[in-house]
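Residue numbers (the working numbering), protein chains in the order written: chain A, 47 to 354; chain B, 84 to 627.
C-beta: ideal position from N, C-alpha, C; glycine also.
Predicted, not measured: the structure shown is a model, and the values here were computed from it.
Scroll down for the structure; my scribbles are underneath it.
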C-alpha cells in the first residue's frame, strides 16, 4: 500500500516537473524577439499568400493560450509536432540524432566514474605526493571550460600526434576525444567528493574494528569505506546528467559530431519552437528519471534510510 | 609455567606531527599471562588505548613504535611485516571497542560484520558461514541469532550491539581479547550484563586485556591492574592490593573520584589545600517551591513516553531523576524546560503557570531556569569563542569592559583561567567544555539548573571535579538542581531526594538514603545490583 502511494506520488511529481519545464520553455520562446511565421518561412519565398497559408496551416491565428493548451494536449499524447525548419516530425528528428548523443554521454559517464573511482581509491589517505598531484589536476580540470579541454585534446592527439580523427562520428576512434573532453571535468569533481568521503570513512571507529579483524587494506576500502563514500557521490548524479547533456552540445560543436547538440543549437538559432520544446522535455524527463534512480540507490546503499 | 602470552619491555609510542612530536607512551613494560585478565586504567590521554592498539599493530597513523621487547606468543613483533600483522589481527587478538553503534559498520549487516573475520582468515567455508555466525551470536547470548544476523547495527539495542561486537572479536578464536572501554556509553544494567559476559569468557579460559577509565568497572573482572598516567605506568599489582592499599597518590585519587553513597558530603576531586575536604552544606528551603509538575504526560503517535509524572523541587534542593535509556527521563526534562509541549499536565515555575502558556509569557522568566546537557559541544556555536559563549548569557546592555570582567569572574568560579577567553569550543577538552557550559548556565543566576546527564561523557577524575563544582555552586547561590542521570552512584552522591523512572512512570521516590538502602520496587533493586563497586572480586585459591 505504502509502496503504491510512494510510486504514485513520485509519478505525479515527475508530471509536474515536465509540465513546468515545457511551460517555461514555451514562455521563453514566446517572449523571444522575431515572428514565428518568419521562422517557418526561413529562406523560402515570402509573399502575403504564403504567409496566410502558413498561418492557416499551423493555426497561428489562434490566441496564444489556445496554442499553448493545444501544444500541451498533443505533447501529453506523445505528439511533439513538426519542425518549422525541416518540415519533418520532431520525433523522427530526435530519434535520428539521439543515439549519437547517448553514446557520447554514456561513454563519458562510464569513463568519468571509472577514472574517479580509480584515482580516489589510489590516493585516499595515502601517497601524499601523488595525492597532491591528483588533487591539483582535478582542480584544473574542474575550472577549465569544456571547449578548451576539447581544443587542447584535439591539438595534441589529432593535429600533433594524429592518433584520432579531427572530426566526425563514424567509428570508435572518433568517440575517444569527445568522450574524454566530457569525462575529465566530471571525473575531477567526482574524485574530490569520493576521496573526501573515503578519508572521512577511514577515520571512523568501525574501520579500526575492520582492520583489527586482519582484512587487507584493499578490503577495508572496497567493503567498508567505499560504500560510505558513495553516499555523497550519489547526490551528484542529478548534476552529472545535467553536465553531460549540456556538455554534449558544446562538445559536439567542437568535434563536429552529429547529435542532439547540433540539432538543439540549430533549432534555437532558427527559433524552431517544436524542436526546442521537445529537447527541453527530453532533458527534464532524463533528469527526473535519473533523480528517481538516485533516490532508489540511496535506499540500496544505506539501510538506515529504509523504513522497517 | 609457559611463556607469557604478551611480553612488553620499554615500549615507546610517539606520534609524529609537523612541528612537534607527541609521546603517547613513554617506556612502559608489562606482561599478560595466559588465562588472566589484565586491566589498564587511566584517563583520556594516559596512553592506555594506544598501548592496547599497539599489540595489534594499529597504534594509528603517524605512530612510531619503539620497544626493547614486544613479544606476542613468543614471537618478536618488532620485525613484523604488514602480512604478519594481518595474521595477528583477529587470530591472535580480537579487539572490542567502545560504542558498537560507531564501531560496527552501519551499512553492513551484523552477520556480515561478525563473519568478516572468518572470511579474512579463510576459517569457515562460505556455505557454513551463516551457521558459524549463528553459533558465535549464541555464545554471547544474542536472542534470535538468525534474525539479528540479518539486521543492521542501528536496529539493535546498545547492549545487543556490544554483544555482536564481542562476537566479531571472538570469531577467529583469538588467544587474546582486547576490550577497550567496552561498557562506556552503556546503561548500568546493560554494563553489568556485558561485564558478566566478559567474566564468563575469562572463566572459560580466555585471556583478557581490559581498558577503562573507571576502576570500579574493572574491579570485579581483573586479576591484575596497571594504572597509567601521561604515558607511564604509575602503579601495578594484584587487583585486591591496588584497590585495597593503593600506593601511588594518583591511584588513590582515581579511587576517591568514584561517586557513591559513601562519598556523600565529601569532595571527590583532588584535595586542594585551600578547600576543605567536606562539601559545604546545601541550604534547602522546603517552604518555597521552585518548580512543580502534576500529571505530566507526553504521547508521540501511539507511543506514550511519559505516563503521568508528578514532581516538585524546593528552593536549593537537589532532586535526582534516575532511569535507563528510554525510561522517559530526558523527555521529562524537555517538558519541564518547555522545549516540548506536554500532551497533558501542569507545570508551575516560581509560582506562575509555565506549561501551555505562550513563549512570550515565559520569556522574562527564562533566565531563571538553565540547562546543562550531556554534550555541551552541541550547544555551543562553533564560531563563537568562549568569551562570547558565556557573555551572551549575561544581561544585555553591558559595556565591553564590564562584560569581559563578568565573564572572567564566571570562568574563575568554574575553575577556568582567562587564557581560555579567545578559545573556540572545538579546542577545549571535555571537562573544560562542561565547565564553560556551567559558567554560561549560572551567568543569569538561575533559581533552577536542569542537568541532563552532565557527567556521563567524562572520565571519572574529570567527573569528580564537575560534581564538586556543582555542589559548590548549589551551596553558594542556593540554586535548585534537577539532576538527571543513569548513574546511581552520581545521584546518591549529590541528590537530596530521588525519583526512579521506568517506562515513563515514577516507580519509586523518596529521600536518597531511603530509596537506595531500602528499595521497595524490583526495578530499583535491579539498578542497585548492577552498580559496579571498587571492591575486588574474591581471589580464587590455589592458583599461583
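Checklist entry - Any beta-carbon of chain B closer than 7 Å to the one on residue 47/A? => result Any reading at residue 47/A needs caution, since the residue's pLDDT is 48, under 50, leaving its predicted position unreliable; the model's value is listed next. Not an interface residue.
Next on the checklist: When you compare the CB of residue 280/B with every CB in chain A, is at least one pair closer than 7 Å?
Outcome noted: no
Checklist entry - Given residue 192/B, which residues of its chain have a CB within under 7 Å of its CB, disregarding the five upstream and five downstream residues? => result 232, 233, 234 and 235
Item to check | Given 8 Å, three or more beta-carbon pairs between the stretch 453–469 of chain B and the stretch 499–512 of chain B | outcome: yes
Next on the checklist: I need the straight-line Cα distance from residue 347/B to residue 594/B, nearest angstrom please.
Outcome noted: 13 Å
Item to check | Chain-ordered neighbours of residue 264/B on chain A, where CB pairs are closer than 9 Å | outcome: Per Cβ cutoff of 9 Å: no residues; residue 264/B is ~11 Å from chain A at best.
Item to check | CB-CB length for residue 454/B against residue 420/B, believed under 8 Å | outcome: 6 Å
Next on the checklist: Out of 155/B, 259/B, 270/B and 165/B, which one is the CA nearest neighbour of residue 120/B?
Outcome noted: 259/B
Checklist entry - Tell me which same chain residues have a C-beta within less than 8 Å of the C-beta of residue 549/B, skipping the five on either side of it? => result 514, 517, 518, 521, 537, 538 and 541
Next on the checklist: Just to confirm my understanding: we take residue 196/A, look at its own chain, exclude 5 residues before and 5 after, and list those with CB closer than 8 Å. What are they?
Outcome noted: The answer, listed in chain order, is 223, 224, 227, 296, 297, 300 and 301.
Checklist entry - Is residue 555/B near the ligand ADP, going by C-beta to nearest heavy atom under 6 Å? => result In the structure shown, the ligand ADP is absent, as is every other ligand, since no ligand is present at all.
Next on the checklist: Between residue 688/B and chain A, is the shortest Cβ-Cβ distance under 7 Å, so that the two count as touching?
Outcome noted: Because chain B here runs from 84 to 627, residue 688/B falls outside it and cannot be looked at.
Next on the checklist: What residue range does the alpha helix (DSSP H) around residue 185/B cover?
Outcome noted: 183–186
Checklist entry - For residue 412/B, which three-state DSSP category applies? => result Helix.
Checklist entry - At least one CB of chain A closer than 7 Å to the CB of residue 29/B: is that the case? => result A query on residue 29/B cannot be resolved here, the shown segment of chain B reaching from 84 to 627 and no further.
Next on the checklist: Taking CB distances under 7 Å as the criterion, tell me whether residue 251/A reaches chain B.
Outcome noted: yes
Checklist entry - Quick one, which residues of the stretch 256–272 of chain A are near chain B if we go by CB-CB under 9 Å, in chain order? => result 256, 257, 258, 259, 260, 261, 262, 263, 265, 269 and 270
Item to check | Per-residue burial, residue 314/B [other beta carbons within 10 Å of its own, 16 or more giving buried] | outcome: buried
Item to check | Test item: CB-CB of residue 62/A and residue 334/A under 7 Å | outcome: No, these two residues do not count as a Cβ contact at 7 Å.
Checklist entry - Interface residues of chain A around residue 405/B at Cβ under 8 Å? => result Within 8 Å Cβ-Cβ: nothing; residue 405/B doesn't reach chain A, min ~29 Å.
Item to check | For residue 545/B and residue 102/B, the rounded distance between their alpha carbons | outcome: 29 Å
Next on the checklist: Quick check on residue 318/A: buried or exposed, where buried means 16 or more other Cβ atoms within 10 Å of its Cβ?
Outcome noted: buried
Checklist entry - Terminal residues of the continuous beta strand (DSSP E) containing residue 329/A? => result That residue, residue 329/A, is in no beta strand (DSSP E); its alpha helix (DSSP H) goes 319–347.
Checklist entry - Beta-carbon separation of residue 130/A and residue 96/A under 7 Å? => result no
Item to check | Amino acids of chain B, ordered along the chain, whose beta-carbon sits closer than 9 Å to that of residue 241/A | outcome: None at all; the shortest Cβ gap to chain B is about 16 Å.
Checklist entry - Any chance the stretch 259–274 of chain B sits against the stretch 236–243 of chain B, with 3 or more Cβ pairs inside 8 Å? => result Touching, per the Cβ criterion.
Item to check | Residue burial classification, residue 437/B (beta-carbon count within 10 angstroms, cutoff 16) | outcome: buried
Next on the checklist: To the nearest angstrom, how far is the alpha carbon of residue 199/A from that of residue 237/A?
Outcome noted: 21 Å
Checklist entry - Can you tell me whether residue 355/B is buried or exposed, with buried defined as 16 or more other CB within 10 angstroms of its CB? => result With a pLDDT of 49 at residue 355/B, under the threshold of 50, the predicted position of this residue should be treated as unreliable, and no value is reported.
Checklist entry - Using the beta-carbon of each residue, which ones in chain B are nearer than 7 Å to residue 177/A? => result None at all; the shortest Cβ gap to chain B is about 14 Å.
Next on the checklist: Using a Cβ distance threshold of 8 Å, determine whether the stretch 142–153 of chain A contacts the stretch 302–313 of chain A, with at least three qualifying pairs required.
Outcome noted: Result yes; three or more Cβ-Cβ pairs closer than 8 Å.
Checklist entry - Leaving out five residues before and five after residue 228/B in sequence, what residues of the same chain have Cβ atoms less than 7 Å from its Cβ? => result 217, 220 and 221
Item to check | For residue 552/B and residue 416/B, the rounded distance between their alpha carbons | outcome: 21 Å
Checklist entry - Buried or exposed: which applies to residue 592/B, given that a residue is buried once 16 or more other Cβ atoms fall within 10 Å of its Cβ? => result buried
Next on the checklist: Mapping the DSSP letters down to three states, classify residue 540/B as helix, strand or coil.
Outcome noted: coil
Checklist entry - Alpha carbon to alpha carbon, what distance is there between residue 338/A and residue 273/B? => result 42 Å
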